[in-house]
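Chains as they are written, first to last, in the UniProt record's numbering: chain A, 1 to 158; chain B, 1 to 158; chain C, 1 to 158.
We treat Cβ as the ideally placed atom computed from N, Cα and C, and that holds for glycine.
Written below as structure tokens is the structure these notes are about.
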């Protein structure tokens, strides 16, 4: 039977998301099945500025939507972000080494057939609508995560 | 043989603890054996304002006890806490969706038979006494965590 | 066949690194094979002030090298660091309990035969040279991490 990896994407940090998507791409290249389950801040990675909506949202949900990152390139660093200056510096250093940005790794993961799950409860609490996130995202509960993780050879909380 | 999950509860963040206890409850509902091993800041999740003591503590231990969160509802968010305003906002959003607070998930885990271990070294260093934490907590070393994790189908560092 | 643990050392925090190295030492004492894969901030744990260099580095790499922690004892806490005061307090509390500092656990792990891998991409982006880190570090890609993790009984993202 094939090998499998399940990543619980909790943190919405640029650097941690980069590490996770680099792993997801590498695992797919090695023919490992990959599931990424997005919860809480992790859901911000899958937002896109073009698909934001404020329809049918409470005031708190609207405010929350405005205050949180709007897609991969809008995420802060987990450390030394310095209001974005630290992150800008890291991006320049990545460019110097011709390392792709997060968006490219997210696109790679989508093309390589990574499975994307969004946590139902997190989406309800944060007021995120399915149409605001990537189209292949399936909405599932924590039970689905546990089931996937039980069947996996690697599970990581990121 | 039954399936098993072991969570290393390191971070004392409200949102991360919520994710962990939601998983613990879901896993128990699926008949998965669950062990939660609390170390460092994670121990603050199991404190209770009524059982705090300053007896036989050094001055540093007393100060540390005062500065750290005093139970589940006193924990900060890992992000956007804004001195508690961000957390209050999240709690209001959870109430709007009738999502239970952390305390309810901790109680659920206790009722469902999750095993609770406390890291001996962390408790000694932080000066936390057994009677300050939940009564079913067993005090164990890192070796016990490794043994439990080796026997588990899922292990996560949270 | 023997048991195996693989730790992905992403965070460069003193408390998280301490937890990881305590686990690595405990696992080796239980005859578990241990691999630690250092990426991003985690690489700072393996720096040493005596082996720093600025040769063949871009200006950003030099700045980055100056702003990031220079070895185990220079790491901040993940919480309550308070510009180092919180960390100093934790160290005093550790001394009161005769708990060794991080450096001792790193040395223990090296003596006990833990395998050390450094993430190639992270080192290139951050401009870290092999000779700035511990000599037994082998430089590997994310594919090596996935391979090691697939063969492990425990995998944790720290």
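**OP:** Show which residues of chain A have a CB atom less than 9 Å away from the CB atom of residue 150(C).
**Re:** Chain order gives the chain A residues near residue 150(C) as 3, 5, 27, 30, 32, 153 and 154, where near means a beta carbon separation below 9 Å.
**OP:** For my contact list, residue 143(C) and residue 26(A) are in at a C-beta cut-off of 8 Å; report their separation, rounded to the angstrom.
**Re:** Correct: roughly 5 Å between the Cβ atoms.
Subject >> Rounded straight-line distance, which links the Cα of residue 122(C) to that of residue 40(C) >> reply: Straight-line measurement puts the Cα of residue 122(C) at about 5 Å from the Cα of residue 40(C).
**OP:** With a cut-off of 8 Å on the beta carbons, I'd call residue 84(B) and residue 44(B) a contact; round off their distance for me.
**Re:** Between residue 44(B) and residue 84(B) the Cβ distance is about 15 Å, and since that is not below 8 Å, they are no contact.
Original post:
Roughly how far, in whole angstroms, is the beta-carbon of residue 103(A) from the beta-carbon of residue 120(A), given that I think they are within contact range, below 8 Å?
Top reply: That belief does not hold up - the Cβ atoms of residue 103(A) and residue 120(A) are roughly 26 Å apart, past 8 Å.
Original post:
residue 36(B) by DSSP, collapsed to three states: which one?
Top reply: In the structure shown, the three-state DSSP call for residue 36(B) is strand.
Subject >> Buried/exposed call for residue 72(B), threshold 16 Cβ in 10 Å >> reply: Flag for residue 72(B) reads buried.
Original post:
Which of helix, strand or coil does DSSP assign to residue 156(B)?
Top reply: Here residue 156(B) sits in strand by DSSP.
Original post:
Under a three-way DSSP split, which group does residue 139(A) fall into?
Top reply: Correct three-state label for residue 139(A): strand.
Subject >> chain B contact residues for residue 143(A), given Cβ-Cβ distances below 9 Å >> reply: Within chain B, the C-beta atoms nearer than 9 Å to that of residue 143(A) come from 26, 27, 29 and 30, in chain order.
Original post:
Quick one, are the C-beta atoms of residue 2(A) and residue 33(A) less than 8 Å apart?
Top reply: With contacts defined as CB atoms closer than 8 Å, residue 2(A) and residue 33(A) qualify as a contacting pair.
**OP:** Pull up the distance between the alpha-carbon of residue 59(C) and that of residue 36(C), whole angstroms please.
**Re:** Approximately 30 Å between the Cα atoms of the pair.
Subject >> Chain-ordered chain A contacts of residue 140(C) [CB-CB under 9 Å] >> reply: Chain A residues near residue 140(C): none, gap ~11 Å exceeds 9 Å.
Subject >> Cα-Cα separation between residue 156(A) and residue 112(B), rounded to whole angstroms >> reply: It is roughly 24 Å from the alpha-carbon of residue 156(A) to the alpha-carbon of residue 112(B).
Original post:
How would you write the range of the alpha helix (DSSP H) that residue 121(A) sits in, first residue to last?
Top reply: For residue 121(A), the uninterrupted alpha helix (DSSP H) run begins and ends at 120 to 126, by DSSP.
Original post:
Along the region 58 to 91 of chain C, what residues have a CB closer than 8 Å to any CB found in chain A?
Top reply: 58, 60, 61, 63, 64, 67 and 68: these are the residues of the region 58 to 91 of chain C whose beta carbon lies less than 8 Å from some beta carbon of chain A, given in chain order.
Original post:
Excluding five sequence neighbours on each side, which residues of the same chain lie with their C-beta closer than 7 Å to the C-beta of residue 15(A)?
Top reply: The residues are 77 and 78.
Original post:
Under a three-way DSSP split, which group does residue 144(B) fall into?
Top reply: Residue 144(B): helix per DSSP, three-state reduction.
Original post:
If you measure from the beta carbon of residue 40(C) to each beta carbon in chain A, is any gap under 8 Å?
Top reply: Interface residue, yes.
Original post:
So, residue 101(C) versus residue 94(C), is the Cβ gap smaller than 8 Å?
Top reply: Yes, Cβ-Cβ distance for residue 101(C) and residue 94(C) is below 8 Å.
**OP:** Give me the Cα-Cα distance between residue 22(A) and residue 150(A), rounded to the nearest whole angstrom.
**Re:** If I take the Cα positions, the gap works out to 23 Å.
Subject >> residue 5(B) and residue 153(B) closer than 8 Å at C-beta >> reply: Contact flag set, yes.
Original post:
Which residue from 62(B), 96(B) and 90(B) puts its Cα closest to that of residue 67(A)?
Top reply: Of 62(B), 96(B) and 90(B), the residue nearest in Cα terms is 90(B).
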